[in-house]
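**Q** I'd like to ask you about the structure that follows.
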Amino acid sequence: MRTFFLALLISAPPLFATVCPPRVAAEPHVRKLRKWAGQAKPLGTPVAQHRQDLPVLIIGAGPAGLAMMRELQDAGIPWEAVERWIEVGGVWAADNPESPAYPGLRSNSSYGTTHLGDPLPDEYPDFPSAPQLHAYLKDFAVRHGLRRGIEFNHSVESLEKQSDGSWCATLRPGRALHRIHKCYRAVVVASGSNSRSSAMFPAALFAKAQAAKLSPIHGSYYRGPEPYAGKRVLVVGSGNTGGDIATEVSRVAKQTLFSARTTPWLVPEYIFRNTRWEEPADLFAQRRVPDFFYSLEMLAFRAIQKFAVGHPTRDLGLPAPIEHDILDRLPTVDRGLAEALLEGRVLPRRGLVDFYGRRPVFHRGNREEPIDAVIFATGYHHGNFPFLPQELKEGAKEPALWVFDRKEEDLLYLYEVGVAQGVWPIFVDQAKAATAYLKAQTAGTANYELFREARTQTNPDFKGRRFRLAEPRFLDARRYSDYLHGFRFWIQE
Ligand SMILES: Cc1cc2nc3c(=O)[nH]c(=O)nc-3n(C[C@H](O)[C@H](O)[C@H](O)COP(=O)(O)OP(=O)(O)OC[C@H]3O[C@@H](n4cnc5c(N)ncnc54)[C@H](O)[C@@H]3O)c2cc1C
Ligand SMILES: NC(=O)c1ccc[n+]([C@@H]2O[C@H](COP(=O)([O-])OP(=O)(O)OC[C@H]3O[C@@H](n4cnc5c(N)ncnc54)[C@H](OP(=O)(O)O)[C@@H]3O)[C@@H](O)[C@H]2O)c1
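Yeah, the sequence shown ends on 987 if you go by this note's numbering, and it's all consecutive.
Structural data, given as structure tokens:
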């Protein structure tokens with residue numbers, strides 16, 4: 495009876511998904527978008543000038559920039575891209591000194607949600623490695639004829655809006671002393687956030703670890719477990735970087751401490767592993783289940799999580815309490831961490847608070863035995879675009895619909911929002927919405943005018959019931975995609 499109930503519970507979301515095919519919900523979101531835009535107050539600002547004779551500038555040739563280039567190319571809108579590294583790929587170009595990719599990195603999103611529209615090659619595994627994804631991105635750029643539009647080894651240093659409506663950029667070629675100035679119709683920021691220059695870490699603890707000669711590094715500098723062989727290592731941060739690094743390091747280290755400020759849910763890579771129903775968990779989670787059945791969906795998730803991985807505190811010994819549900823915050827994908835915890839190779843601790851010499855001190859805890867090294871896998875600053883004029887930096891932290899600057903009509907972002915799947919298809923949706931917007935600007939549509947006013951408002955609710963306790967940029971992927979899909983049609987009216 496219990497087995498029957500569980501099977502019913504687990505199969506409920508796919509069953510609903512079959513009943514509700516993709517995209518049926520797009521139309522209600524157009525209605526919601528209309529309602530949202532209809533609440534806008536007149537701005538009373540004069541109609542802006544646009545230099546439509548100039549190309550659009552795209553900053554960055556990572557997955558987001560490539561998605562944008564392809565859409566503009568297909569729409570026949572002239573563009574130029576500037577990439578500070580010598581190759582496309584962003585995070586996935588492991589030889590890019592700014593990239594946090596480590597040798598053992600495999601995507602934690604599967605083939606079904608890690609593509610830019612063109613499918614991954616058939617021979618790729620379900621969760622491809624960084625070099626495989628990089629090869630895909632390089633092929634994508636060649637296949638769509640994008641490379642000739644990219645100025646490699648140039649970085650955008652600053653942007654300035656001109657009185658004629660154009661944006662002029664200051665570009666630096668490599669490490670040259672001279673600068674180049676070029677002007678554009680519009681700017682699309684696709685420069686990413688997960689890079690060494692955006693690394694976020696607790697500065698005081700880092701300084702103490704340095705003083706104690708613990709060779710502290712940020713996770714973005716980790717390049718494999720070899721330097722940690724035979725040592726006592728502390729990994730701070732329980733996101734996907736912290737989880738991956740602690741697992742790898744624990745295979746060679748004498749002891750690995752794993753400090754979680756917030757105890758994460760560990761979710762499996764696959765559901766129904768080694769059965770005929772085996773499926774990557776992100777594909778399962780992506781199925782369209784009406785919001786009404788969210789509680790049922792969560793019940794199913796909890797059952798799957800419990801069977802496949804184990805409860806974080808009760809079964810795996812991570813620090814209690816865990817005060818949020820699985821999708822209230824971004825969960826950590828289990829890549830062997832659960833096994834390492836159960837085998838005692840990784841020792842969980844609650845929140846690092848201090849160092850006493852080489853001895854770490856944890857929340858409400860005693861001083862531990864001395865350690866030899868520490869890795870701060872503490873994430874990245876998001877919405878941090880140093881080339882923007884000062885007065886626009888704050889607004890860039892939460893653009894309208896996470897794509898459009900709230901003040902400047904010709905400044906757009908392909909912002910990396912947080913979703914429970916791969917983010918690349920979201921970049922494609924954002925790029926399509928941005929392209930439709932530029933077309934509507936040229937055509938001077940009524941809704942383009944309305945959107946000039948609506949963009950200053952608080953964003954619609956893109957979270958629904960997901961990521962309740964996570965930062966604003968964490969969204970329900972389906973809900974957000976539906977809005978962007980609706981926007982593409984609405985803005986043309
Ligand atoms: C370790 C790790 C694993 C990840 N795994 C996954 C995963 O499995 N699935 C997933 O969907 N996402 C994953 N991500 C998220 C990852 O950020 C995205 O997949 C994706 O790379 C973001 O694309 P992007 O183009 O926005 O940024 P990036 O990939 O960072 O690319 C930005 C590009 O802009 C360039 N640039 C930056 N500033 C300038 C400038 N001033 N001038 C010119 N060029 C500039 C950079 O050189 C870079 O090439 C992972 C991230 C990390 C750190
Ligand atoms: N295999 C893969 O595909 C893979 C591998 C690595 C990373 N990624 C992706 O890369 C992105 C970045 O991941 P990430 O793990 O580097 O960053 P993250 O998801 O932002 O996680 C950062 C972790 O550091 C903790 N933290 C932040 N500031 C802290 C502080 N001052 N003191 C103590 N702890 C602190 C956070 O705790 P709180 O939770 O309490 O804030 C969180 O546990 C994500 O999108 C992730 O999915 C993917």
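In this text, a Cβ means the ideal position worked out from N, Cα and C, and glycines have one as well.
1) On the CB-based measure, 16 or more other CB atoms within 10 Å of its CB, does residue 715 come out buried or exposed?
2) Note the first and the last residue of the continuous beta strand (DSSP E) segment covering residue 753.
3) Using DSSP with H/G/I as helix, E/B as strand and the rest coil, what is residue 623?
4) Using a Cβ-Cβ cut-off of 6 Å (strictly less than) and excluding sequence neighbours within five positions of residue 647, which residues of its own chain qualify?
5) With a threshold of 7 Å (Cβ to nearest heavy atom), would residue 578 be considered close to ligand 1?
6) Tell me whether residue 694, by its Cβ, gets closer than 7 Å to a heavy atom of ligand 2.
7) Please decide whether residue 667 counts as near chain D, where near means a Cβ-Cβ distance under 8 Å.
8) Can you pull the DSSP bridge partners for residue 842?
9) Would you check if there are 3 or more beta carbon pairs closer than 8 Å linking the region 909-925 to the region 956-976?
10) Once you ignore the five residues that flank residue 499 on each side, which residues in its own chain have a CB closer than 7 Å to its CB?
11) List the endpoints of the continuous alpha helix (DSSP H) containing residue 942.
12) Return the residue from the list 876, 877, 849 and 873 that minimises the CA-CA distance to residue 865.
13) By how many angstroms is the C-alpha of residue 979 removed from the C-alpha of residue 931?
14) Quickly, what does DSSP pair residue 764 with across the bridge? List them, please.
15) Once you ignore the five residues that flank residue 764 on each side, which residues in its own chain have a CB closer than 7 Å to its CB?
16) Distance check for residue 728 and residue 905, CA to CA, integer angstroms please.
17) In its own chain, which residues sit with a C-beta less than 8 Å from the C-beta of residue 517, not counting the 5 before and 5 after it?
18) Taking only the alpha-carbon atoms, compute the straight-line gap between residue 618 and residue 633 and give it to the nearest angstrom.
19) Exposed or buried, residue 639, counting other C-beta atoms within 10 Å across all chains shown (16 or more means buried)?
20) Could you round the C-beta distance between residue 693 and residue 874 to whole angstroms and report it? I think they count as a contact, below 8 Å.
21) Between 615, 949 and 594, which has its C-alpha nearest residue 604's C-alpha?
22) May I ask you to report which of helix, strand or coil DSSP gives residue 651?
23) According to DSSP, simplified to helix, strand and coil, what is residue 821?
24) With 16 as the cutoff for other CB atoms within 10 Å, does residue 943 come out buried or exposed?
25) Is residue 590 close to ligand 1? I mean its beta-carbon at under 7 Å from any heavy atom of the ligand.
26) Which same chain residues, not among the five before or five after residue 519, have their C-beta less than 6 Å away from its C-beta?
27) Alpha carbon to alpha carbon, how far is residue 600 from residue 515? Give it in angstroms, no decimals.
28) Using 8 Å as the threshold, is the C-beta distance between residue 685 and residue 816 below it?
29) In the DSSP assignment, the beta strand (DSSP E) including residue 929 goes from what residue to what residue?
30) How about residue 703: is its Cβ closer than 7 Å to a heavy atom in ligand 2?
31) Closer than 7 Å: is that where the CB of residue 846 sits relative to any heavy atom of ligand 2?
32) Given this structure, state the Cα-to-Cα distance separating residue 564 from residue 575, to the nearest angstrom.
33) If you draw a straight line from the alpha carbon of residue 838 to that of residue 825, how long is it in whole angstroms?
34) Roughly how many whole angstroms lie between the Cα atoms of residue 805 and residue 596?
35) Less than 8 Å between the C-beta atoms of residue 602 and residue 688, yes or no?
**A** Taking the coordinates as given:
1) Exposed, by the Cβ-count rule.
2) Residues 749-754.
3) Of the three classes helix, strand and coil, the one that applies to residue 623 here is strand, per DSSP.
4) These residues qualify, in order along the chain: 580 and 668.
5) Yes; taking the cut-off as 7 Å, the Cβ of residue 578 has a heavy atom of ligand 1 nearer than that.
6) Correct: residue 694 has its Cβ closer than 7 Å to ligand 2.
7) Protein chains in the displayed structure number just one, and chain D is not present.
8) Residue 842 pairs with 752.
9) At 8 Å Cβ cutoff, the stretches touch.
10) Since pLDDT at residue 499 reaches only 45, below the 50 mark, its modelled position is unreliable, and no value is offered.
11) Note, residue 942: alpha helix (DSSP H), 940-948.
12) Answer by Cα proximity: 849.
13) In this structure, the alpha-carbon of residue 931 lies about 12 Å from that of residue 979.
14) In the DSSP output, where bridge partners are listed per residue, residue 764 has 774.
15) Within the same chain, residue 764 has close Cβ partners 772, 773, 774 and 775.
16) Each residue's alpha carbon lies about 42 Å from the other.
17) The predicted position of residue 517 is uncertain, since its pLDDT is 44 and thus under 50; no value can be drawn from it.
18) Rounded to the nearest angstrom, the two C-alpha atoms are 14 Å apart.
19) Residue burial is scored here from C-beta neighbours: residue 639 has fewer than 16 other C-beta atoms within 10 angstroms and is therefore classed as exposed.
20) Right, the Cβ-Cβ distance comes to about 6 Å (below 8 Å), so this counts as a contact.
21) Each of 615, 949 and 594 was checked against the Cα of residue 604, and the nearest Cα belongs to 615.
22) Look at residue 651 here: in three-state DSSP terms it is strand.
23) Coil at residue 821, not helix or strand.
24) Classification for residue 943: exposed.
25) The answer is yes for residue 590.
26) Interpretation of residue 519 is limited by its pLDDT of 47, a score under 50 that renders its predicted location unreliable; the figure taken from the coordinates is listed afterwards. If you ignore the 5 residues before and after residue 519, its C-beta comes within less than 6 Å of the C-beta of 976, all in its own chain and listed in chain order.
27) Any reading at residue 515 is ruled out, since the residue's pLDDT is 42, under 50, leaving its predicted position unreliable.
28) No. Outside cutoff.
29) Here residue 929 belongs to no beta strand (DSSP E); instead the alpha helix (DSSP H) covers 918-937.
30) Checking every heavy atom of ligand 2 against the Cβ of residue 703, none is found closer than 7 Å.
31) The answer is yes for residue 846.
32) Residue 564 and residue 575 have their C-alpha atoms some 11 Å from each other.
33) Taking the straight line from one Cα to the other gives about 22 Å.
34) Those two C-alpha atoms are separated by around 29 Å.
35) No.
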